[in-house]
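Here the structure comes first, spelled out in structure tokens, and everything after it is commentary.
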Amino acid sequence: MTDEQPHLPDLRAADADRERVAERLRDAVAEGRLDMEEFEERLDATYKARTYGELEPITRDLPAAGTKVSMVKGPVSDDPAAIDWSERMVSGEPTSKLGFAFWGGFGRKGGWVVGRQFDGFAMWGGGEIDLREARFTERDVEIRCWTIMGGIQVIVPPEMNVLVKGFGFMGGFDDKATGEGTPGSPRVVVKGFALMGGVGVDRKIRRVEKLRLKEERRRERLARREERRAAQLERGDKVKDKDRRRRHGELHRGSDSSHPAAGEYGAGGGE
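Here it is in structure tokens:
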């Protein structure tokens, strides 16, 4: 009778298998195939998966590893975290052209499509315009922000070409984010007016990059933990080896002391 081999989906998955799936998910969200909510749900399921059968469905609808579909060819950086702006340029209609908040709030974030112009208005409320994962129909984009006793935050990635030229009255219009971006970046101009309110424009790393750095730190912590464990095991082995040598020496000395010395037999024979 032969032992039955376990069916592949029932086999236990290793940490390396979960890391490969997580890497494919990071590629997918960077390419716009997954939004951040889907990415976080699938990443959580990846690290909870115990078998191949639980891992396989997570990337079933994604291209194979290494497959990159692009209708526009352009130079790609060697840095895996860099933005390929040619992939961010799309055709068609923008997802939204206006954000409005009155005693409330609005938000535009994730892989939304930005057109030539977007207007944001907040009165006694707030809004968030996040361009870190956005796609663009035009190379020149104008974001116009108007606030009255309210606030709007515009978030851009460090690689974006940004010019801030709004102003405020009894309020503020932050221009610290003004600066050049990487080659191929759209040129985003943020303008408008803040009355007894504020508009802030901040450069922040993308969420996928933040998650990647978080995972890198987690792997580094695991590696350090394994190193400490290996060092403890090595010290334990040395202690055990030393103890074995000590006990062996004690037994050897005890064995020698249990027999008469050769000189004693010689002395007795002389009488």
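Position one of the sequence shown corresponds to residue 30 (my numbering), numbered consecutively onward.
By construction, the Cβ of each residue, glycine as well, lies at the ideal position given by its N, Cα and C atoms.
- Annotated three-state conformation of residue 152 is strand, per DSSP.
- By the Cβ criterion, the segment 157-168 is in contact with the segment 139-148, since at least three pairs of Cβ atoms, one from each stretch, lie closer than 8 Å.
- The beta-bridge partner set that DSSP reports for residue 272 is empty.
- Judged by beta-carbon spacing, residue 190 lies within the 8 Å limit of residue 209, meaning their Cβ atoms are closer than that value.
- In the DSSP assignment, residue 114 falls within the alpha helix (DSSP H) that extends over 114-117.
- Straight through space, the alpha carbons of residue 135 and residue 124 are spaced by roughly 14 Å.
- In the three-state scheme derived from DSSP, where H, G and I count as helix and E and B as strand, residue 231 is classed as strand.
- For residue 192, the uninterrupted beta strand (DSSP E) segment begins and ends at 190-193.
- Excluding residues up to 5 positions away in sequence, 142, 164, 165, 166 lie with their Cβ nearer than 8 Å to the Cβ of residue 119 in the same chain.
- In this structure, the straight-line span from the alpha carbon of residue 261 to that of residue 267 is close to 10 Å.
- Counting along the chain, residue 126 sits inside no alpha helix (DSSP H), nor does DSSP assign it H or E at all.
- Residue range 65-77 is occupied by the alpha helix (DSSP H) that includes residue 72.
- As computed with DSSP, residue 169 is found in a beta bridge with 216.
- For residue 91, the closest C-alpha among the options 117, 187, 58, 213 is that of 58.
- Residue 144: not part of any alpha helix (DSSP H); DSSP gives it neither H nor E.
- In the structure shown, residue 88 falls within a helical segment according to DSSP collapsed to helix, strand and coil.
- Taking the CA atoms as reference points, residue 44 sits about 35 Å from residue 271.
- Taking a contact to require three or more Cβ pairs closer than 8 Å, the segment 172-180 and the segment 218-229 qualify as touching.
- Taking C-alpha positions only, residue 250 is separated from residue 258 by approximately 12 Å.
- As DSSP reads the structure, residue 80 sits in a beta bridge with 41.
- Scanning its chain for C-beta atoms nearer than 8 Å, with the 5 sequence neighbours on each side dropped, one finds no residue around residue 280.
- Ranked by how close their Cα comes to the Cα of residue 122, the residues 113, 112, 145 have 145 in first place.
- Of the candidates 218, 198, 199, 197, the residue whose Cα lies closest to the Cα of residue 206 is 218.
- The DSSP-derived three-state label of residue 255 is helix.
- In the assembly as shown, residue 151 is a buried residue. Its beta-carbon has 16 or more other beta-carbons within 10 Å.
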